[in-house]
Amino acid sequence: MNSLKRTTASEYKENLLQRLESGFVQCIDLLSVKEYNEETDKEGFHVIPSAGDGVIGRYYSLKDMEIDTPNIIVRKSVYSKLCAADRALKRKRGYENCQIIVTYGYRRPEIQKEFYDATYEKKRNENPLLSEEKLREAVHREIAFPEVAGHPTGGAVDVILFDYKNGKFLDFGTEICQFDSKNIYYGANDISDKARRNRRTLRTIMCQQGFAPYDGEWWHFCYGDREWAYYTYRRKYRQGVKIEKKALYRQKKYEEISEIAYNDKVKKSKSSIVEQSCVRLAIQKDGRLTEETLSILKKSGIVITRGKREILVKSDNFPLEILFVRDDDISNLVDKGVADIGVVGENVYRENFVRGKNRSLIKRYLGFGNCFLALAVPNDSNIEHLQDLNGKSIATSFPRLTRRFLENEHIKADIINITGSVEVAPVINYADAIVDLVSTGSSLQQNNLHVLFHILDSQSILIANCHSDKDMEKKHIIEQLLQRIDSYLIAKKYKYVNMIIPQSQVSKIVEIINGIGRVDDLDDYDESIENNLDKNVSIDMRVPVVYPMYGYKEWCSLQTIMKQSDLWNKMDELKENGAINIVFYSIEGIIDETLR
Ligand code: AMP
0 MNSLKRTTAS
10 EYKENLLQRL
20 ESGFVQCIDL
30 LSVKEYNEET
40 DKEGFHVIPS
50 AGDGVIGRYY
60 SLKDMEIDTP
70 NIIVRKSVYS
80 KLCAADRALK
90 RKRGYENCQI
100 IVTYGYRRPE
110 IQKEFYDATY
120 EKKRNENPLL
130 SEEKLREAVH
140 REIAFPEVAG
150 HPTGGAVDVI
160 LFDYKNGKFL
170 DFGTEICQFD
180 SKNIYYGAND
190 ISDKARRNRR
200 TLRTIMCQQG
210 FAPYDGEWWH
220 FCYGDREWAY
230 YTYRRKYRQG
240 VKIEKKALYR
250 QKKYEEISEI
260 AYNDKVKKSK
270 SSIVEQSCVR
280 LAIQKDGRLT
290 EETLSILKKS
300 GIVITRGKRE
310 ILVKSDNFPL
320 EILFVRDDDI
330 SNLVDKGVAD
340 IGVVGENVYR
350 ENFVRGKNRS
360 LIKRYLGFGN
370 CFLALAVPND
380 SNIEHLQDLN
390 GKSIATSFPR
400 LTRRFLENEH
410 IKADIINITG
420 SVEVAPVINY
430 ADAIVDLVST
440 GSSLQQNNLH
450 VLFHILDSQS
460 ILIANCHSDK
470 DMEKKHIIEQ
480 LLQRIDSYLI
490 AKKYKYVNMI
500 IPQSQVSKIV
510 EIINGIGRVD
520 DLDDYDESIE
530 NNLDKNVSID
540 MRVPVVYPMY
550 GYKEWCSLQT
560 IMKQSDLWNK
570 MDELKENGAI
580 NIVFYSIEGI
590 IDETLR
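Quick note: numbering that gives the first Met the number 0 has the sequence shown finishing at residue 595, numbered continuously throughout.
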């Protein structure tokens with residue numbers, strides 16, 4: 000019988016964790032690093048931007064510095080190293096749409112001490128028999144001993160990776176700063192392969208820039224502080240090179256860096272309504288337009304992480320703030336400048352429009368939420384022509400549009416303003432007719448009504464406040480947003496098409512595709528290109544590009560973009576002229592003003 004006791008899984012895990020702990024850099028090691036380089040310590044601090052798709056700073060779980068430094072502050076070199084690490088991250092396969100979020104940087108030394116003392120007290124109560132030195136090391140593993148701590152130097156950072164396309168933090172096996180789990184140790188093995196890979200990637204990109212990792216917290220990295228100096232010294236020592244244990248940065252009192260923090264705070268408070276160059280977009284809170292509006296924003300690369308009941312949410316990667324409100328309020332809010340821009344049904348915008356007083360304008364038709372404002376009457380009604388409406392009553396939630404319509408048609412009828420379930424009004428004999436929105440017509444049918452007149456077509460639109468549209472900074476952001484939306488809207492209309500065509504049919508097929516630009520032979524083609532260059536004419540993306548095919552002299556490959564409906568309409572003709580292997584793909588985005 001085997002007398003050796005088998006190690007249980009939990010024992011194995013505990014052993015591993017203890018082994019990991021014994022490898023962590025100790026407080027005593029850091030106390031041996033004493034000298035500071037006066038020259039390098041002169042380096043200033045940098046405020047990490049809080050939006051964009053590069054490195055951004057956002058407090059996450061530790062928010063104790065938020066009042067003193069509303070944006071996260073680090074040493075200038077640390078910031079530029081973070082930017083380089085972020086660029087390296089985007090070059091890694093699978094991380095192309097990811098960014099580094101710094102969740103903590105500079106910390107006031109007093110706060111460091113407060114934290115340390117509190118953790119010390121807690122640990123002492125838990126382990127009253129522990130020696131002073133052991134206790135200090137145990138506390139140091141969670142929160143650095145104040146004298147050697149890196150955060151007060153502005154050299155240490157807590158970082159995490161964020162996928163701005165999906166709007167999700169990457170999986171690291173634990174939450175950042177989840178101190179109740181030992182799985183926060185870099186080498187912990189009780190995490191998924193994906194989390195392990197993410198930890199490795201984060202460590203690689205940071206260490207390549209010269210940051211030192213801390214094995215006790217997968218998110219903590221430092222540069223220039225005592226821990227970094229000790230780590231660098233130990234690494235070099237192992238390579239047989241002896242260097243001084245010398246830190247680059249000294250800890251800074253808040254007063255020493257308060258100028259930069261103060262300037263940042265002033266900047267923040269000056270723009271407290273709309274944070275520095277941030278545009279506020281009002282959208283429908285919960286209704287027909289909400290899903291598609293959010294989808295357009297998402298497909299335009301704008302990430303919004305919204306809690307269930309939040310009504311004002313800042314985009315994670317674009318200077319945009321989303322205000323979730325009732326559809327009926329959007330047009331007024333934009334008109335008053337409470338929101339700079341809004342996505343709303345055209346019907347709502349026209350209903351609120353007062354000539355000469357309106358302060359908002361339509362910037363884009365978005366092509367969804369299509370419906371029309373109809374005048375409808377009961378199927379058994381004796382109202383057959385518009386003139387029969389004279390003296391009758393009309394129920395609607397669009398009193399202004401209805402009044403304007405009746406005035407234009409010289410009809411005198413009573414308007415009954417009701418807010419919901421308008422189509423029931425004739426059924427309960429509350430009105431003779433209604434003016435309401437119709438899209439499929441099923442609601443009219445259910446209530447035995449039919450359309451007598453089509454008053455106004457409507458779809459969702461993007462509107463902007465006139466003043467916001469003139470403010471240089473906001474205008475720039477609005478234009479950037481519109482460019483992204485356009486790129487999505489255009490791309491939605493077109494397909495990218497690839498086909499193989501006979502050499503002999505090139506000009507015929509080009510003609511079928513867009514009816515322009517006959518290509519009779521190569522000389523003509525060259526000339527037409529040169530003419531275009533002379534006149535500085537931009538090349539229409541719909542003009543097919545034709546390539547010869549290596550090894551198939553008789554055939555060419557043709558690429559172009561086409562509207563999907565066009566492609567189906569022309570399919571037979573293309574095939575009749577010899578086109579084969581026709582492939583078409585959806586397009587993510589198109590940047591081309593001429594196609595708008
Ligand atoms: P709702 O979510 O019902 O408040 O509708 C919001 C917007 O969707 C309206 O203001 C219209 O612009 C648009 N819409 C599209 N189809 C309809 C429809 N059948 N009835 C009401 N609104 C519609």
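Just so you know, even glycine gets a beta-carbon here, dropped at the ideal spot from N, CA and C.
Residue i in three-state terms, based on DSSP
i, result
"D334", "helix"
"V138", "helix"
"R74", "strand"
"M540", "coil"
"K469", "coil"
"C26", "helix"
"L288", "coil"
"S276", "coil"
"F144", "coil"
"N513", "helix"
"T39", "helix"
"L372", "strand"
"K245", "strand"
"Q250", "coil"
"N497", "strand"
"Y549", "coil"
"Q17", "helix"
"D520", "Bear in mind that a pLDDT of 36 at D520, under 50, signals an unreliable position, so the model cannot answer this."
"T7", "coil"
"I256", "helix"
"P377", "strand"
"K507", "helix"
"Y236", "helix"
"A490", "helix"
"E309", "coil"
"Y584", "strand"
"N389", "coil"
"L557", "strand"
"F44", "strand"
"D413", "strand"
"I282", "strand"
Burial state of residue i (16 or more Cβ within 10 Å)
i, result
"K235", "exposed"
"T304", "exposed"
"M570", "exposed"
"W218", "buried"
"G93", "exposed"
"N568", "exposed"
"Q504", "buried"
"I579", "exposed"
"E226", "buried"
"Q445", "exposed"
"M64", "buried"
"P127", "exposed"
"K251", "buried"
Cβ-Cβ separation, residue j to residue i (assumed contact under 8 Å), whole Å
i, j, result
"L461", "R363", "4 Å"
"Q98", "Y58", "About 16 Å; that fails the 8 Å criterion."
"N346", "F397", "7 Å"
"A281", "V32", "No, A281 and V32 are not in contact; Cβ-Cβ is about 54 Å, not under 8 Å."
"L360", "C465", "6 Å"
"D591", "I489", "7 Å"
"L296", "L311", "Their Cβ separation, rounded to whole angstroms, is 15 Å, which puts L296 and L311 out of contact at 8 Å."
"Q283", "G366", "Wrong, their Cβ atoms sit about 16 Å apart, outside the cutoff."
"K562", "Y493", "6 Å"
"C26", "G53", "Contact doesn't hold; Cβ gap of about 35 Å is too wide."
"A375", "L443", "5 Å"
"K473", "S276", "7 Å"
"V77", "G153", "7 Å"
"H449", "N378", "6 Å"
Contact test: residue i Cβ vs the ligand HEM heavy atom, cutoff 7 Å
i, result
"Q283", "Ligands displayed in this structure: the ligand AMP; the ligand HEM is not among them."
### Message
My parser needs the beta strand (DSSP E) runs of 3 or more residues fully inside the stretch 148–229; what are they?
### Response
155–162, 219–221
### Message
Restricting to runs no shorter than 4 residues, where is the alpha helix (DSSP H) found entirely within the stretch 61–116?
### Response
75–89
### Query
Which parts of the stretch 313–364 are runs of the beta strand (DSSP E), unbroken and 3 residues or longer, counting only runs that do not cross its ends?
319–324, 340–344, 359–364
### Completely contained alpha helix (DSSP H) runs for the stretch 418–479, where each covers 4 or more residues
441–445
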